[in-house]
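Going letter by letter, the sequence shown gives residues 18 to 100 in our numbering.
In this text, a Cβ means the ideal position worked out from N, Cα and C, and glycines have one as well.
For reference, the structure discussed in these notes is given below.
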Amino acid sequence: MGEQKQKDANKSQFIFGKKNYKFMFIGLACIALGFILMSGGGSDDPNVFNPDIFSFRRIRLAPMLVLLGFGIEMYAILLNPEK
18 MGEQKQKDAN
28 KSQFIFGKKN
38 YKFMFIGLAC
48 IALGFILMSG
58 GGSDDPNVFN
68 PDIFSFRRIR
78 LAPMLVLLGF
88 GIEMYAILLN
98 PEK
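Now the structure itself:
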């Protein structure tokens with residue numbers, strides 16, 4: 018009888034709740050989108066300068082999306098799923 022109670026107590030449970038995982042996936046999507054927006058802008062010819070590397074998208078928008086994604090990840094980890 019005691020073994021059955023121990024097996025029930027040792028059943029695997031998720032560390033986070035469903036709400037935590039939703040926020041984690043949203044944060045990961047923001048981080049991935051930020052890195053995708055940051056990519057590109059290079060030149061095929063090394064003798065030609067491409068000013069697109071200094072665009073608003075690569076300098077301001079993409080890093081802010083990455084930081085926002087990391088903030089959402091921290092919130093998802095600290096969120097109490099029972100409330």
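Buried or exposed (CB count within 10 angstroms, at least 16 for buried), residue i
{"i": "A93", "result": "buried"}
{"i": "G44", "result": "buried"}
{"i": "I70", "result": "exposed"}
{"i": "I32", "result": "exposed"}
Same chain, Cβ closer than 8 Å to residue i, neighbours up to 5 away in sequence not counted
{"i": "A46", "result": "G86"}
{"i": "F52", "result": "A79 and V83"}
{"i": "N37", "result": "A93, I94, L96 and P98"}
{"i": "L54", "result": "R74, R75, L78, A79 and L82"}
Selection from the options that minimises the alpha carbon distance to residue i
{"i": "S56", "options": "R75, E99 and I89", "result": "R75"}
{"i": "E90", "options": "F66, Q30 and I48", "result": "I48"}
{"i": "G58", "options": "G34, G88 and S72", "result": "S72"}
{"i": "G88", "options": "S29, D61 and M41", "result": "M41"}
6 Å CB neighbourhood of residue i in its chain, flanking five on each side removed
{"i": "N67", "result": "S60"}
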